[in-house]
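Structure first, commentary second.
Here is the structure:
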């Protein structure tokens, strides 16, 4: 470390998480709040003195753990703020490992944001993937959660490998691992590999299917964390490495449209919100692709606003799922009588995402659209505006209508159980909702945090923009009133590109269970008949010789190793794949730490 | 709050009338707004352009999603359970 006062915020969360299991009883809840608040204060403190900190020489490389500038500062600010809200929302949860996983996940995100080289970025990237997978696996209420967790982990491992291959190839060519803007004009294979690795985490089409799949299966609190960190950290990384890459404009628009089409026909609350994340992140990806100062400011502002309103919507969805045990529109409805505060706060989230004047989406989304017009890309501007029609249709109208105001469609026991969530969940939602309103009304708060302060400040509240937005919202509302029955709740799932790998998995299982198993049976029988008796005689002699002659010579050490091996396998190999992965990762981590320090 | 919502939900016709009035007011207001700084020709010269854009986009999205859903994308909830 070059500067003695630099304490990495991730370190606070990691140490806080490691100590958490030992903090019990009445100290648990205060401790849970103190750690993310200290992290948040640390992030604000670091933001006051931009510079490069935490430089470590490792082998031939210079690792940078603390690149603090305007762009990393604003992303770290909102991530650490969201860590406070997410922890408050999950304060009542007894299972400490859920909190540990969530904090490690945030630590991974903050680490990736502050890293100035690809190697440390990759390490924090993988830390995010593993810890967020645990947030899916911890969900004991959904039988499909373990499988969804494995799918999520495998897809992210693939993405991590793309990133790894990219920066290793780049190192071979340039001898440099600095995490800086890539050269688009002279792009090579490694440029595309790095971009694809980052794109997978941003859920850019066609690398997007993991998002609705995993977020709809995570724990109630886990989904609140997941909706904020993975995609927006990837947007930060794309803004850092791939700003101005034309192809991202088109991919961003494509994912914005694709996401909203799926959201219109979705039946599961959290899958719908997941599709909408893809759609909203599409704006940000397009903003990164445009790459001008205004576009990057817009992308940052939209990521900031998005984390808060999407967090709020996932908190509301979680409150409903926790209270009723149901997550599909076909089993819910008419909840305004039972969950009025949840309804009010989800409406605020819905109005914010729909870019209603005085709410956060209005002052952030329009910057990206304005940047597209400024760069003479009117088609991009029109298509993104069309998506905002869909956003209001889905989050502002369809979602609240089907959950709160439509006729109740489930069984009586569901509606009897429904009630507003406990105080801590409600408080987190009120805080997120208040921030959505505050950002939309008091512009200097968000705009003074944006990375480029040289360009003229954006003015969303002029009469033309207000008129444009109100017309769009009003006529979308009219369209919904006329056609709402056509996009009502239907008990279906919608196939997506994950069909290929889910079906490929089944094909692999079929191959293993049928032709491979048949061959194995035949071979086994032949082996038993022909070779086994000879082998057994030989083996008996070898065993006798081994035990009497060799073991005797080395003082029974083989027997000792065997006994110890049995003990180790009894403790560590219980047939639980998650535990085996956990042991393996921990073992690798210990070896790496030992290697660095010794 | 629950009572207010009950009150509103019982008065479909009046609520629809209020909503339609608001929509018409917004539409009419758009005629008075200065469009000289708009980015495209269509915005400058088509009166109530964004109203038209809003309703057309809404219809396109709803019917594209419907078509997409009925084109074989939507399956039973137990599709992956076999």
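Protein chains in written order, with the working numbering: chain Y, 1 to 598; chain A, 1001 to 1082. Ideal placement from N, C-alpha and C gives every residue a C-beta, glycine not left out.
Beta-ladder partner(s) of residue i, from DSSP
{"i": "residue 61(Y)", "result": "58(Y)"}
{"i": "residue 67(Y)", "result": "52(Y)"}
{"i": "residue 160(Y)", "result": "BP columns for residue 160(Y) are empty, so no partner."}
{"i": "residue 1076(A)", "result": "492(Y)"}
{"i": "residue 420(Y)", "result": "Per DSSP, none; premise fails for residue 420(Y)."}
{"i": "residue 328(Y)", "result": "268(Y)"}
{"i": "residue 117(Y)", "result": "178(Y)"}
Same chain only: Cβ atoms within 8 Å of residue i, ignoring 5 sequence neighbours per side
{"i": "residue 1036(A)", "result": "1044"}
{"i": "residue 1048(A)", "result": "1027, 1030 and 1031"}
{"i": "residue 373(Y)", "result": "381"}
Whether residue i touches residue j by CB criterion (8 Å)
{"i": "residue 35(Y)", "j": "residue 103(Y)", "result": "yes"}
{"i": "residue 407(Y)", "j": "residue 334(Y)", "result": "yes"}
{"i": "residue 96(Y)", "j": "residue 30(Y)", "result": "no"}
{"i": "residue 51(Y)", "j": "residue 37(Y)", "result": "no"}
{"i": "residue 332(Y)", "j": "residue 217(Y)", "result": "no"}
{"i": "residue 270(Y)", "j": "residue 229(Y)", "result": "no"}
{"i": "residue 172(Y)", "j": "residue 117(Y)", "result": "no"}
{"i": "residue 293(Y)", "j": "residue 248(Y)", "result": "no"}
{"i": "residue 225(Y)", "j": "residue 86(Y)", "result": "yes"}
{"i": "residue 394(Y)", "j": "residue 478(Y)", "result": "no"}
{"i": "residue 139(Y)", "j": "residue 219(Y)", "result": "yes"}
{"i": "residue 148(Y)", "j": "residue 205(Y)", "result": "no"}
{"i": "residue 88(Y)", "j": "residue 424(Y)", "result": "yes"}
{"i": "residue 1067(A)", "j": "residue 471(Y)", "result": "no"}
{"i": "residue 200(Y)", "j": "residue 159(Y)", "result": "yes"}
{"i": "residue 336(Y)", "j": "residue 1008(A)", "result": "no"}
{"i": "residue 446(Y)", "j": "residue 439(Y)", "result": "yes"}
{"i": "residue 137(Y)", "j": "residue 578(Y)", "result": "yes"}
{"i": "residue 278(Y)", "j": "residue 258(Y)", "result": "yes"}
{"i": "residue 6(Y)", "j": "residue 66(Y)", "result": "yes"}
Run of the beta strand (DSSP E) containing residue i, from where it starts to where it stops
{"i": "residue 493(Y)", "result": "492–494"}
Through-space distance from residue j to residue i, alpha-carbon basis
{"i": "residue 311(Y)", "j": "residue 562(Y)", "result": "52 Å"}
{"i": "residue 84(Y)", "j": "residue 442(Y)", "result": "22 Å"}
{"i": "residue 267(Y)", "j": "residue 329(Y)", "result": "6 Å"}
{"i": "residue 276(Y)", "j": "residue 418(Y)", "result": "25 Å"}
{"i": "residue 242(Y)", "j": "residue 152(Y)", "result": "24 Å"}
{"i": "residue 80(Y)", "j": "residue 198(Y)", "result": "21 Å"}
{"i": "residue 8(Y)", "j": "residue 1052(A)", "result": "52 Å"}
{"i": "residue 320(Y)", "j": "residue 91(Y)", "result": "17 Å"}
{"i": "residue 122(Y)", "j": "residue 165(Y)", "result": "11 Å"}
{"i": "residue 208(Y)", "j": "residue 192(Y)", "result": "17 Å"}
{"i": "residue 132(Y)", "j": "residue 585(Y)", "result": "14 Å"}
{"i": "residue 463(Y)", "j": "residue 371(Y)", "result": "19 Å"}
{"i": "residue 25(Y)", "j": "residue 357(Y)", "result": "45 Å"}
{"i": "residue 44(Y)", "j": "residue 1046(A)", "result": "48 Å"}
{"i": "residue 260(Y)", "j": "residue 1078(A)", "result": "24 Å"}
{"i": "residue 399(Y)", "j": "residue 161(Y)", "result": "37 Å"}
{"i": "residue 1063(A)", "j": "residue 1072(A)", "result": "15 Å"}
The alpha helix (DSSP H) enclosing residue i, as first and last residue numbers
{"i": "residue 449(Y)", "result": "First-last for residue 449(Y): undefined, no H or E at that position."}
{"i": "residue 142(Y)", "result": "First-last for residue 142(Y): undefined, no H or E at that position."}
{"i": "residue 215(Y)", "result": "210–215"}
{"i": "residue 1018(A)", "result": "1012–1032"}
{"i": "residue 536(Y)", "result": "532–545"}
{"i": "residue 1045(A)", "result": "1041–1045"}
{"i": "residue 520(Y)", "result": "517–526"}
{"i": "residue 13(Y)", "result": "9–19"}
{"i": "residue 369(Y)", "result": "360–374"}
{"i": "residue 197(Y)", "result": "189–201"}
{"i": "residue 236(Y)", "result": "220–241"}
{"i": "residue 474(Y)", "result": "463–483"}
{"i": "residue 1065(A)", "result": "1049–1068"}
{"i": "residue 348(Y)", "result": "340–353"}
{"i": "residue 205(Y)", "result": "Taken as a continuous stretch (DSSP letters only), residue 205(Y) belongs to no alpha helix (DSSP H), as it is neither H nor E."}
{"i": "residue 1036(A)", "result": "It is not in any alpha helix (DSSP H) - residue 1036(A) carries neither H nor E in the DSSP assignment."}
{"i": "residue 384(Y)", "result": "378–391"}
{"i": "residue 498(Y)", "result": "498–511"}
Same chain, Cβ closer than 7 Å to residue i, neighbours up to 5 away in sequence not counted
{"i": "residue 365(Y)", "result": "283, 302, 355 and 388"}
{"i": "residue 392(Y)", "result": "354, 473 and 476"}
{"i": "residue 109(Y)", "result": "79, 128, 229 and 233"}
{"i": "residue 316(Y)", "result": "342, 345, 346, 349 and 429"}
{"i": "residue 309(Y)", "result": "349, 352, 353, 360, 361 and 436"}
Residues of its chain near residue i, where Cβ-Cβ distance is below 6 Å and the 5 sequence neighbours each way are ignored
{"i": "residue 415(Y)", "result": "408"}
{"i": "residue 236(Y)", "result": "75 and 113"}
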